[in-house]
Structure formats: C-alpha cells, structure tokens
Amino acid sequence: MSSVGRGVMAIPGVRAAGRFVADWVDLQWSLLLGQLRDVAPLARGRLLDVGCGEKPYESLFAPFVAQYVGVEHEATFTATEASSRRRKPDVLYDGLRLPFEDEAFDTLLSIQVLEHTPKPADLLAEMARVVKKGGLLILSAPFSFRLHEEPHDYYRYTPHGLRAMCKTAGFEVTEIRPQGGLWSVLAHKINTFLAFRVGALEGVTQAMGKLGHEDARPTTPRFWVLPLVAPVMGCASAAARVMDRAVPDATEALGYLVLARRAL
Ligand SMILES: C[S@@+](CC[C@H](N)C(=O)[O-])C[C@H]1O[C@@H](n2cnc3c(N)ncnc32)[C@H](O)[C@@H]1O
0 MSSVGRGVMA IPGVRAAGRF VADWVDLQWS LLLGQLRDVA PLARGRLLDV
50 GCGEKPYESL FAPFVAQYVG VEHEATFTAT EASSRRRKPD VLYDGLRLPF
100 EDEAFDTLLS IQVLEHTPKP ADLLAEMARV VKKGGLLILS APFSFRLHEE
150 PHDYYRYTPH GLRAMCKTAG FEVTEIRPQG GLWSVLAHKI NTFLAFRVGA
200 LEGVTQAMGK LGHEDARPTT PRFWVLPLVA PVMGCASAAA RVMDRAVPDA
250 TEALGYLVLA RRAL
C-alpha cells in the first residue's frame, strides 16, 4: 500500500465512502456480489471456501451455515496483499490435497480461484472428494478479465468448459449464470485502464481494502486526472448496467457463476 494511499484513507469517512463508490463502479465485484447475495440462502451446514483469500464473502454466508471454513494455498496466498490483512484463512495447505476428510462439508464455495491453479481439474476433484453427496458447489470463474495475480493466472472459462469440468469431477450442474454481458465487459476494461494505467490508483484501491489478490502495489496516484477520469468511469458503469439489459449479448460476460450438486 502506498504512503499516499494510506494517508488519504486515514481521513475519517474517506475509506468507507471511497470503498462504496469503488465497489459500485467495479462491475466485476458488484455483479459477483449481487449473485452471491442471491444464492447464499442455498448454503447449509459446514461450508468450505476454497481459495478464500481474506474471506470477503463470510458475512454473506455465515447466517445460513453452521461453520465457515476458509482454506488457502499457502505459497500463492502469502504472495498477495490479502495475506497482510486482518482476516486470515483458517487453514493453509500445499495446493494439492485439501487437508480434510472425505465428505467433510455440506457446501463448497470457490470464487475466482479456478484460473489460478495450473491443474484446475485436480482441484475440482479434490473439492468433490471433501463435499457430501448431494452437497452444493457455488463456483465463480472469469471468462473475460485482465491478467491478475501473475504469474499464477493460467486460464479463462466458458460456460461449456465449466459444465464439462464439473461433470468430470462428479458434480451435476444445475445452473450457470453470466456476470454481465458485452457492455459490462467493455466498461470494465475501460475503467480498469483509466483507474490503473491513467490514474495509477492501485495503491489507493488496496488502501480501501480492494485488490487483495494482487501483490502490494505502492503506486502514487495521479490525483489531478481524477476530475476527468472519475466521471467517465461512473458513466461507463451506469451505461453498461442499462445497455446489458436493453441490448443483451449472451456471447460475452465477465465471468460465470456455477451452481452444482455432488452426484449421489
Ligand atoms: C483471485 S484470488 C480470490 C480470492 C477470494 N476467493 C476472493 O474472491 O477474494 C485467488 C486465490 O486462489 C488461491 N489459490 C490458488 N491456487 C489454489 C489452490 N490450489 N487451492 C486453493 N486456493 C488456491 C490463491 O492463493 C488466491 O488467494
């Protein structure tokens, strides 16, 4: 986190207000969060969040489950900004064999993780092993998203690929929901360029508690470009929300949310 970012975020109210606005503008985050809010009541019993990072979804799922356990791949997690934050995974492991008994969980959550392992089929098979038969899998993976958490960024996923991989691992997919459409993809890419390449806002964004999955980015923001850049970003996000409804294009999405059950 940059010292400028830290200084600005220390001003009372600035962090919360900045985070609120940044979350709304960040279409990937707000679309994903809306979907997770919607499906959280389906969760039951013991939940395992695979690749939990700093457990940003715990508060959404906690009311519906008996226990929320977050597990992380130690080597990749410790390289991220999230590892220096307050909320920690409950369990760290080698990224190969999940350190739990067979059928130990009722619900699995895995959000934006499948692209970060070189052997996604093996990770899905491990997830199938540790969930009860009939247990629920809630998984999200990107289809169109910039390179991130490099060099551990290996794949992007189509709905057909996700369905096939889940089936091979022993899950029956009940639903796949797209995250936005063409307009969200376009707006998200433009906004990412404006925020990070033009505004150099990575440090400030991390100081707000976002971008935890990246390594530390101590960038010094170009505050003087914000009067121009911020309104464009806000308009792009607002327009994308409208256009995705008015002129939908089912061949584009930022990513997909999968709901599946472990086969009986
Ligand atoms: C983009 S971050 C997502 C973190 C969190 N799920 C979230 O949505 O904020 C991807 C995470 O996957 C973790 N990861 C990579 N390979 C993994 C594996 N084999 N098992 C569990 N987690 C893994 C990384 O350490 C990283 O924290």
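Residue numbers (numbering that gives the first Met the number 0): 0 to 263. Positions of the beta carbon are idealized from the N, C-alpha and C atoms, including for glycine.
Quiz item: Of the choices Leu95, Phe142, Tyr156 and Arg14, whose alpha-carbon is the least far from that of Ala124?
Solution: Mapped onto the sequence shown, residue 124 falls at position 125. Of Leu95, Phe142, Tyr156 and Arg14, the residue nearest in Cα terms is Leu95.
Exercise. Answer yes or no: the CB of Ala81 versus the heavy atoms of ligand 1, is any distance below 8 angstroms?
Key: In the sequence shown, residue 81 corresponds to position 82, counting from 1. Checking the Cβ of Ala81 against ligand 1 gives yes.
Quiz prompt | Whole-number beta carbon distance between Val49 and Ser109, since they are thought to touch under 8 angstroms | solution = Sequence index remark: in the sequence shown, residue 109 carries index 110 (1-based). Sequence index remark: in the sequence shown, residue 49 carries index 50 (1-based). About 4 angstroms; that satisfies the 8 angstroms criterion.
Self-check item: Identity of the residues DSSP links to Ile189 by a beta bridge
Solution: Working through the sequence shown from its first residue, we reach residue 189 at position 190. Ile189 pairs with nothing; no bridge assigned.
Practice problem: Take the Cβ of Asp37 as the centre, count every other Cβ of all protein chains shown within 10 Å, and call the residue buried at 16 or more, exposed below. | Solution: Reading the sequence shown from its first residue, position 38 is the one you call residue 37. Its Cβ having fewer than 16 others within 10 Å, Asp37 is exposed.
Quiz item: Considering Lys131, what are the terminal residues of the alpha helix (DSSP H) in which it resides?
Solution: As a first step, residue 131 must be located in the sequence shown, where it is residue number 132. That residue, Lys131, is in no alpha helix (DSSP H); its beta strand (DSSP E) goes Val130 to Pro141.
Quiz item: With 16 as the cutoff for other CB atoms within 10 Å, does Asp101 come out buried or exposed?
Solution: To locate residue 101, count along the sequence shown from 1; it is residue 102. Its Cβ having fewer than 16 others within 10 Å, Asp101 is exposed.
Exercise. Tell me where the alpha helix (DSSP H) around His159 begins and ends.
Key: In the sequence shown, counting from the first residue as 1, residue 159 sits at position 160. Pro158 to Ala168 is the extent of the alpha helix (DSSP H) around His159.
Quiz prompt | Cys51 Cβ short of 8 angstroms to ligand 1 heavy atom set | solution = Within the sequence shown, the letter at position 52 stands for residue 51. It does: the Cβ of Cys51 is within 8 angstroms (strictly closer) of some heavy atom of ligand 1.
Self-check item: Contacting residues, own chain, Cβ-Cβ under 7 angstroms from Met0 (five flanking each side not counted)
Solution: Numbered from 1 along the sequence shown, position 1 holds the residue referred to as residue 0. The predicted model places Met0 with a pLDDT of 48, which falls under 50 and marks its position as unreliable; any figure quoted below should be read in that light. Hits under 7 angstroms: Gly202, Gln205, Ala206, Ala215 and Pro217.
Quiz item: By a C-beta neighbour count over all protein chains shown, 10 Å radius and 16 as the cutoff for buried, is Ile10 buried or exposed?
Solution: Here residue 10 is taken as the residue at index 11 of the sequence shown, counted from 1. Per the 10 Å Cβ criterion, exposed.
Practice problem: Assign Met0 to one of three DSSP states: helix, strand, or coil. | Solution: In the sequence shown, residue 0 corresponds to position 1, counting from 1. Because Met0 sits at a pLDDT of 48, beneath the cut-off of 50, its placement in the model cannot be relied upon, and the point is left open.
Quiz prompt | Simplified DSSP assignment, three categories, for Gln34 | solution = To locate residue 34, count along the sequence shown from 1; it is residue 35. Gln34 falls in the helix class under three-state DSSP.
Quiz item: How is the alpha helix (DSSP H) around Ala265 delimited, first residue to last?
Solution: Since the first residue shown for the chain is 0 and the last is 263, residue 265 is missing from the structure and cannot be characterised.
Practice problem: Examine ligand 1 and report whether any of its heavy atoms sits within less than 8 angstroms of the Cβ of Leu318. | Solution: Lying outside 0 to 263, the shown extent of the chain, residue 318 is not represented and no answer is given.
Quiz item: Relative to ligand 1, is the shortest distance from any of its heavy atoms to the C-beta of Phe76 smaller than 8 angstroms?
Solution: Your numbering for residue 76 matches position 77 in the sequence shown. Indeed, a heavy atom of ligand 1 lies less than 8 angstroms from the Cβ.
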